[in-house]
Structures are given as structure tokens and as C-alpha cells.
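Quick note: the sequence shown uses this note's numbering, first residue 5, plus one each step.
All C-beta atoms in this analysis are idealised placements derived from N, C-alpha and C, irrespective of residue type, glycine included.
Bear in mind the structure is a predicted one, so any value in this text is a computation, not a measurement.
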Amino acid sequence: MSDLFVIGVDPGQTTGVVGVPFVDGRAVGEGAFVVQTTSGLVLDVIGRLVHLAGSAAVHIAVEKFVVGPRASRSGTPAAGRTARELIAAIHREYAPVERPAVEVKRWATDKRLDAAGLLDPTKGMGHARDAARHALFAAVRDGRVPDPLSRKATR
């Protein structure tokens, strides 16, 4: 049984959603739920993950949409609108924490994801991997889970 269940979301037309159980402060990478889906199914996926969390405390972390140079290079003009609408819909149903990608990606490196057992499950799924970064970052920052690269986590 997990103590904490963190759901990370990378919103967009293709959305990554990752649910990660944490037991005794450690990610259970082989127990992670990894999904890439269309934006229309995201609330259903999150609802199912919340249900699967059982009695564990659930924390939801969503990538914040930031208007900047990268956003203006999106595949279509609708991509930004889709991301903003999806974030708003998640806020109507849940109380997620939002952080910009630049803050999360600087810390949640592939090395950290690997140490937490989240690199292999997200192989070939870039949006899901970014969702895993948000989940791990939130677990450490908000859920007081040890940094997977710290000595405390390796004990």
C-alpha cells in the first residue's frame, strides 16, 4: 500500500499523465501508471488514477502553461488553447499544484528519473516523461519525499 500517490500531468493536445505510488518515501517505479492520451480523456484518466490510489494521499502536479518563445512555436495555434482549457478543467475537478516546465526540468533530470525508477517506464513517450518529471518534483517539494539522488533516499 502506498503512502503517497502523485499524479503528474503534461497538458496539451497529446497529454502525458503519470501516476506514481510512493512507499516509505521511495517511488515505486514498476508500479507507475504511464499514459499518453488526447486531451479529451485526461479527466477520465486522472479520475481513474485517483481511484487506484486507494487510501494514499493524492497530490496532482500540472505543468503550468507559460506564454513565451516556445509556446509560439507550437504545432498549431489551438495547442496553447487546448493546454489552457485542460489546465482549467483539472482545476475545476481537483486542486493541483502548477509549476512551469523550466523550473521542473532543471531539477528533474533523466538521472533523477532513472534513480526513481521512472525513466524506463516512460521510454519513447516524451509527454509522459515530462509528466513524470512533474510528479517527481512535486513528491520531493510538496510530499517531503527524499531526493532520489540523496544519501537519505539510498538507505
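- Excluding its 5 nearest sequence neighbours in each direction, Val46 has C-beta neighbours in its own chain below 8 angstroms: Val13, Pro15, Thr19, Val21, Leu90, Ala93, Ile94, listed in chain order.
- Per the coordinates, the alpha-carbon of Lys68 lies some 11 angstroms from the alpha-carbon of Gly84.
- Non-local C-beta neighbours of Val70 in its own chain, meaning closer than 6 angstroms and more than five positions away in sequence, comprise Pro104, ordered along the chain.
- By the Cβ criterion, the segment 20-40 is in contact with the segment 120-135, since at least three pairs of Cβ atoms, one from each stretch, lie closer than 8 angstroms.
- Under DSSP, Glu107 shares a beta bridge with no residue.
- Excluding five sequence positions before and after Pro152, the CB atoms of its chain that fall closer than 6 angstroms to its own CB belong to Arg116, Ala119, Ala120, given in chain order.
- Contact annotation: Ala143 and His63 have beta-carbon atoms nearer than 9 angstroms.
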